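**Student:**
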Amino acid sequence: LSASELVAANADWRHMTETVGAVATQAFQVWLTEPVEALGWSDPPINISGYVEPFDTWADMRQLIEREDVSPKPGSVAYFCSVLPDADYPSEGNPHEAAHAKVRANVVNFLNRDVGHFWPAAVTETGFNWDLLAYETPEEEQDQGAARIDSQFMTANVNPTDKYVLSLPGTQSARISPLDAKFDNLTVAGDWTACGHMAGCVEAAVMSGRLA
9 LSASELVAAN
19 ADWRHMTETV
29 GAVATQAFQV
39 WLTEPVEALG
49 WSDPPINISG
59 YVEPFDTWAD
69 MRQLIEREDV
79 SPKPGSVAYF
89 CSVLPDADYP
99 SEGNPHEAAH
109 AKVRANVVNF
119 LNRDVGHFWP
129 AAVTETGFNW
139 DLLAYETPEE
149 EQDQGAARID
159 SQFMTANVNP
169 TDKYVLSLPG
179 TQSARISPLD
189 AKFDNLTVAG
199 DWTACGHMAG
209 CVEAAVMSGR
219 LA
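Printed below as a string of C-alpha cells:
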C-alpha cells in the first residue's frame with residue numbers, strides 16, 4: 009500500500025471499531041439429573057428469548073447429551089444467556105473477577121426466582137432444588153445447596169473481543185467486508201463483518217467465513 013492508501017485503510021478500520029457497537033454478555037450452562045419433561049416442560053425442544061432479566065434466553069440443548077463424555081449421562085442440558093449491563097461491573101481494577109461474581113449471583117437468583125416458569129417441578133417453596141444439578145467429581149457431590157452451582161459453567165464476557173456485536177441503526181455501512189482487498193494476504197471473518205447478513209449469529213459467521 010502507498011502511504012495514502014494505508015491512511016485510508018486505517019481510517020476505515022478505525023471508523024468500524026468506533027461506530028459498530030458491542031455489549032458485554034453473561035451466560036450459564038447447567039447439566040441436570042432429570043429430563044426437562046420431569047421438571048414440568050411438556051413442549052418440544054426450544055430456543056426461547058424475551059423472558060426476564062438477568063437471563064432472557066433459554067436454549068434446550070438436549071441434543072448434546074449423547075456427546076457428553078460422562079457417566080451417568082445427564083438428563084438434560086440447558087443454556088441461558090443475556091446482556092451484562094456495563095453498570096454491573098467496574099471498568100477499572102479487576103473487572104473480570106467482579107463481573108464473574110455478579111454473574112454467579114445472577115445465576116443463583118434466576119434459578120431460585122425465575123426458572124420455575126419453565127420447570128415448575130425444579131423449585132420448592134424455598135427456591136431451586138440444587139440436588140438436580142449433575143456433578144462430575146466426588147468433591148462436587150459434597151457441595152450443598154447453591155454451592156453446587158460451582159460445578160456448572162458460567163461466564164462473563166467483558167473482554168472487548170468477547171463482546172456481542174450489535175446491529176444498530178446507521179452502523180451497517182461501517183462494517184468491513186471479508187472481500188475487502190486493501191491489504192495483501194489479509195482478510196477478516198466473523199458475524200461482525202459486512203457479509204450479507206448483519207446480525208450476531210452463527211449463520212452470519214459461516215457466510216463471512218465462506219466469503220473469506
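Per my numbering, residue 9 is the first one in the sequence shown, and the count goes up by one each step.
No residue lacks a Cβ here, since even glycine has one placed at the ideal position from N, Cα and C.
The structure displayed is predicted, hence computed values, not measured ones.
Check the DSSP bridge columns for Asn-165 and list the partner residues they point to.
**Tutor:** Answer is Thr-33, bridged to Asn-165.
**Student:** Quick one, are the C-beta atoms of Asp-68 and Ile-54 less than 8 Å apart?
**Tutor:** The answer is yes: Cβ separation under 8 Å.
**Student:** Under the three-state reduction of DSSP, which class applies to Thr-132: helix, strand or coil?
**Tutor:** Three-state result, Thr-132: strand.
**Student:** Quick one: grab the DSSP three-state call for Trp-127.
**Tutor:** Coil at Trp-127, not helix or strand.
**Student:** Which term fits Arg-218, buried or exposed, when burial requires 16 or more other beta carbons within 10 angstroms of its beta carbon?
**Tutor:** Flag for Arg-218 reads exposed.
**Student:** State yes or no: is the C-beta of Asp-139 nearer than 7 Å to some heavy atom of the ligand SAH?
**Tutor:** Ligands in the displayed structure: none, and consequently the ligand SAH is not present.
**Student:** When the distance is taken between beta carbons, is Leu-92 closer than 8 Å to Ala-164?
**Tutor:** Taking 8 Å as the Cβ cut-off, Ala-164 and Leu-92 qualify as a contacting pair.
**Student:** Taking the alpha-carbon positions, what's the Ala-227 to Ser-12 distance?
**Tutor:** This structure does not reach residue 227, given that the chain is present from 9 up to 220, and the question cannot be answered.
**Student:** To which residues of the same chain is Tyr-87 closer than 6 Å at the C-beta, ignoring the five residues directly before and after it?
**Tutor:** Contacts found: Gln-37, Ala-67 and Met-69.
**Student:** Only counting the same chain, and skipping five residues up and downstream in sequence, which positions put a Cβ closer than 6 Å to that of Asp-188?
**Tutor:** Taken in chain order, the list of residues that qualify is empty.
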